[in-house]
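J.:
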Ligand SMILES: C[S@@+](CC[C@H](N)C(=O)[O-])C[C@H]1O[C@@H](n2cnc3c(N)ncnc32)[C@H](O)[C@@H]1O
């Protein structure tokens, strides 16, 4: 899909390396002290969302974390936010690693290590990890399946890999621009990036690129232009391609981050009365149907584990939700609207509003302390709450665990 797909794989790899040396990605994050103080958090992280990754385990912060293809920001952010974890960041770009290490040093973040290493060779470190974060990287590799397999081999049996790859449908506008860049003979250099930067600012509101960046006139940074439009290699995925990626790597799909974009009932299919048809599909086909119905997902974030860990859908599907311990997810916003309370999960790829009378919703949510199971809550509040909790979990307002959690 990349603009320079004509290049042989080895030249693409070199071009990709040069790109991230010349344009370290992303822009340096401001406000690391807020992550240190716990005032800000990475949207998905194993500290405040431990049960999302490890629903069967007792929460702990002393995790060995690998950030594969760390770029400039993730090591300082995770290092600041999780001082009791040990963080190893690897990247092929020496320039990115240097920026990352300088940020850590400037903020006294000392639980981190940086290494210049292709993630495909991560096994050569001779270490393993509880949590592996690899976001925005696999789709740039010559062989994403081999890359994910290599990460699986350094993930402990009870560990988890959090990853993100580009979504094909929602990024159509970017692939059109990559094609345009190729037609115009633009190359991977600052001058070309500046030309594309100008072009992006003038694209009309209806251009499919505006799904990614809605604001006409926004100046998009040169590193973003490089990463999106002039990238020599970027493969994109539909839901069903992710199944193949994970299975090809000999690993197991654990869950999406979050749930809502992959639930037909959260999409237009629900309101259009097409749920019976969607319900007849297997879970992957249901998720694929939801992706098509939403139409605007630009990336897929998900959790992968070893094959012997039980996926979230098996732990909490159907009647098994009765044995789950719900707690309120991070980033949940509660807003009164007349006599109703509106629950939204902010910052997620698809925001779902769940609306119920204030007293009813407050009782439901206040009971979610992580200390009592849905079965116990149903005994107290009535059987009707089971369906409500299931909906709130699928809407990403609740996190489930198989055991009581501190909350
Ligand atoms: C789009 S950036 C994402 C950075 C970071 N993961 C984030 O989400 O902010 C892609 C990063 O992957 C790195 N990268 C590309 N191929 C790699 C490889 N084979 N091994 C390790 N890092 C790689 C690039 O140098 C770049 O820093």
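In the numbering used here, the protein residues as written are 64 to 470. Every residue, glycine too, gets a C-beta built ideally from N, C-alpha and C. Only a predicted model underlies this, so the values are computations on that prediction, with no experimental measurement involved.
Looking at the unbroken alpha helix (DSSP H) that takes in residue 347, where does it start and where does it end?
T.: Residue 347 -> alpha helix (DSSP H) spans 346-357.
J.: Got a sec: does ligand 1 put a non-hydrogen atom nearer than 6 Å to the Cβ of residue 88?
T.: Checking the Cβ of residue 88 against ligand 1 gives yes.
J.: Look up residue 278 in the DSSP assignment and give the residues it is bridged to.
T.: Looking at the DSSP assignment, residue 278 forms no beta bridge with any residue, so it has no partner.
J.: Considering only C-alpha positions, which residue in the set 406, 329, 468, 89 is nearest to residue 289?
T.: If we check each option's Cα against that of residue 289, 89 comes out closest.
J.: Would the beta-carbon of residue 234 fall within 7 Å of that of residue 187?
T.: No, these two residues do not count as a Cβ contact at 7 Å.
J.: List, from N- to C-terminal side, the alpha helix (DSSP H) runs of 4 residues or more that fit wholly inside the stretch 360-406.
T.: Taking only runs of at least 4 residues, the alpha helix (DSSP H) segments lying wholly in the stretch 360-406 are 375-379.
J.: Between the C-alpha atoms of residue 321 and residue 360, what's the straight-line distance to the nearest angstrom?
T.: Near 12 Å, if we compare the C-alpha coordinates of residue 360 and residue 321.
J.: Quick one: measure Cβ to Cβ for residue 19 and residue 192, integer angstroms, because I've assumed they're closer than 8 Å.
T.: This structure gives no information on residue 19, because the portion of the chain shown stretches from 64 to 470.
J.: For the alpha helix (DSSP H) holding residue 190, just list the boundary residues, first then last.
T.: No alpha helix (DSSP H) holds residue 190; DSSP gives it neither H nor E.
J.: Taking 6 Å as the cut-off, is the beta-carbon of residue 290 closer than that to any non-hydrogen atom of ligand 1?
T.: Yes, ligand 1 has a heavy atom inside 6 Å of this Cβ.
J.: What first and last residue would you give for the alpha helix (DSSP H) that runs through residue 207?
T.: Where residue 207 is concerned, the enclosing alpha helix (DSSP H) stretches over 207-216.
J.: Any chance the stretch 304-316 sits against the stretch 103-123, with 3 or more Cβ pairs inside 8 Å?
T.: The answer is no - the stretch 103-123 does not touch the stretch 304-316, with fewer than three Cβ pairs under 8 Å.
J.: Would a check of beta-carbon distances place residue 309 closer than 7 Å to chain D?
T.: Absent here is chain D; the protein component of the structure consists of one chain.
J.: Pull up the distance between the alpha-carbon of residue 347 and that of residue 170, whole angstroms please.
T.: About 43 Å.
J.: Can you name the start and end residues of the beta strand (DSSP E) that residue 464 belongs to?
T.: Where residue 464 is concerned, the enclosing beta strand (DSSP E) stretches over 461-464.
J.: Nearest-angstrom Cα distance between residue 399 and residue 458?
T.: The straight-line gap from Cα to Cα measures roughly 18 Å.
J.: Buried or exposed, going by whether 16 or more other CB atoms sit within 10 Å of the CB of residue 408?
T.: Classification of residue 408: buried, given that the 10 Å Cβ count is 16 or more.
J.: Can you give me the start and stop residues for the alpha helix (DSSP H) that residue 297 sits inside?
T.: Segment: none, residue 297 is in no alpha helix (DSSP H) and carries neither H nor E.
J.: Is residue 218 close to ligand 1? I mean its beta-carbon at under 6 Å from any heavy atom of the ligand.
T.: Residue 218: no, Cβ never under 6 Å from ligand 1.
J.: Under 6 Å: does the beta carbon of residue 348 sit that close to some heavy atom of ligand 3?
T.: Of the ligands one can find in the structure shown, namely ligand 1, none is ligand 3.
J.: Is the distance from the Cβ of residue 323 to the Cβ of residue 395 below 7 Å?
T.: Cβ atoms of residue 323 and residue 395: not closer than 7 Å.
J.: Run the proximity test for residue 363: is its beta-carbon closer than 6 Å to any non-hydrogen atom belonging to ligand 1?
T.: False, no ligand heavy atom lies under 6 Å from that Cβ.
J.: What are the boundary residues of the alpha helix (DSSP H) that includes residue 75?
T.: 72-85 is the extent of the alpha helix (DSSP H) around residue 75.
J.: Check whether the Cβ atoms of residue 479 and residue 340 lie closer than 7 Å to each other.
T.: The question about residue 479 has no answer, for the chain in this structure spans 64 to 470.
J.: Excluding the 5 residues flanking residue 411 on each side, which residues of the same chain have their C-beta closer than 6 Å to its C-beta?
T.: Closer than 6 Å at Cβ, skipping near neighbours: 321, 459.
J.: Taking the beta strand (DSSP E) that residue 179 falls in, what are its first and last residues?
T.: Where residue 179 is concerned, the enclosing beta strand (DSSP E) stretches over 175-179.
J.: Under three-state DSSP, which class holds residue 334?
T.: Looking at residue 334 - three-state DSSP - the assignment turns out to be helix.
J.: Do residue 114 and residue 393 have their CB atoms nearer than 7 Å?
T.: Cβ atoms of residue 114 and residue 393: not closer than 7 Å.
J.: Heavy atom of ligand 1 less than 6 Å from the Cβ of residue 201, yes or no?
T.: Not under cutoff, so the answer is no.
J.: So the candidates are 139, 332, 75; which of them puts its Cα closest to the Cα of residue 93?
T.: Measuring from the Cα of residue 93, the nearest candidate turns out to be 139.
J.: Going along the chain, which residues of its own chain have a beta-carbon closer than 7 Å to the beta-carbon of residue 440, five neighbours each way excluded?
T.: Contacts found: 430, 448.
J.: Skipping 5 residues on each side, what residues in its chain have a beta carbon closer than 7 Å to that of residue 237?
T.: These residues qualify, in order along the chain: 272, 275, 291, 292.
J.: Residues in its own chain within less than 8 Å of residue 476 by CB, not counting five upstream and five downstream?
T.: Past the boundaries of the shown model lies residue 476; the chain is included only from 64 to 470, so the question cannot be answered.
J.: Are three or more beta carbon pairs between the stretch 327-338 and the stretch 366-373 nearer than 8 Å?
T.: Because the criterion of three Cβ pairs below 8 Å is not met, the stretch 327-338 and the stretch 366-373 do not touch.
J.: Could you check the C-alpha separation between residue 71 and residue 455 for me, to the nearest Å?
T.: About 48 Å.
J.: Compute the minimum distance between the beta carbon of residue 247 and the heavy atoms of ligand 1, and state whether it is under 6 Å.
T.: No - ligand 1 has no heavy atom lying nearer than 6 Å to the Cβ of residue 247.
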